[in-house]
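Below is one structure, written out as structure tokens; comments come after it.
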Amino acid sequence: MRVISGKFGKRPLRAVPGRLTRPTTDKVKESLFNIIGPYFNGGSFLDLFAGSGGVAIEAVSRGFNDATLVDKQYAAIKTIQQNVQMTNEADRFTVIKTNADLALQRLASAGKKFEMVFLDPPYKQEQMLADLATLRELKLLTSGAMVICETDNQAKLSDNVDGYQLVRQKEYGLTVISIYKYEMEAS
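Per our numbering, residue -17 is the first one in the sequence shown, and the count goes up by one each step.
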């Protein structure tokens, strides 16, 4: 695993030891960023099930101002911290050890807003749909924010998700990437 491109490009990334996480492969990560970017002019990125932190580090490498990485597993947090240190810009990353629901509540209480969110829970469609709803309800997204959902090819995410428009869906073998655009409700 490595950072594919940008400021931290070609730097190696550590994987989380054990079998509790499945890192997004370099191939999927590169394709994903080619679809959504490939480079950005600022903004805040949220990785809600961060694992090794590779996707969020890639986002900052490609131009996001900062990233928030959330995971509840101790081994993942330790790996994220090591990978963030490799960037020599640890101040651009906020690492939170808790579950997704508590993290979203805390981020909303702090008034955080994100231009892009990456959701890759342990392949549970219901969890992902609940997280999409919570992001919307807690007003954690900027107008036009993108939410990227990584699932396996058995979990079929709907084209119709309240408050979101499905922009693109692409299969990479057993992995499916679904990209939603947040449609802010009129006040």
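For every residue, glycine included, the Cβ atom is placed at its ideal position computed from N, Cα and C.
Since the structure is predicted, the reported quantities are computational estimates derived from the model, not experimental observations.
Contact annotation: the region -13 to -6 touches the region 35 to 52, with at least three C-beta pairs closer than 8 angstroms.
Using a 10 angstroms sphere on the CB of L156, the tally of other CB atoms stays under 16, which defines it as exposed. From the listed residues R(-4), T50, P104, G33, the smallest Cα separation to D73 is found for T50. The beta carbon of T76 is closer than 8 angstroms to those of D48, A49, T50, L51 in its chain, skipping five residues each way along the sequence. Three or more Cβ pairs closer than 8 angstroms define a contact, and the region 118 to 134 meets that threshold against the region 92 to 99. In the structure shown, A92 falls within a coil segment according to DSSP collapsed to helix, strand and coil. Between S34 and the set T61, E40, S140, the nearest pair of CA atoms involves T61.
Under the three-state reduction of DSSP output, Q151 falls in the strand class. Comparing alpha carbon positions, the residue from G126, L122, K9, S140 closest to D29 is L122. Three or more Cβ pairs drawn from the region 7 to 19 and the region 146 to 161 lie within less than 8 angstroms of each other, which places the two stretches in contact. Shown here, T7 sits in coil according to DSSP, grouped into three states, outside any helix or strand. Per DSSP, the unbroken alpha helix (DSSP H) holding S43 starts and ends at 36 to 43. For T76, the enclosing beta strand (DSSP E) stretches over residues 75 to 79. Bridge partners of T133 according to DSSP: V158. The C-alpha of N65 is placed about 6 angstroms away from the C-alpha of L(-5). A residue is called buried once 16 or more other Cβ atoms fall within 10 Å of its Cβ, and P(-1), having fewer, is exposed. The shortest C-alpha to C-alpha distance from K11 to any of E40, Q67, D53 is the one to E40. Between R118 and Y164, the beta carbon gap of about 7 angstroms places them in contact (Cβ cut-off 8 angstroms).
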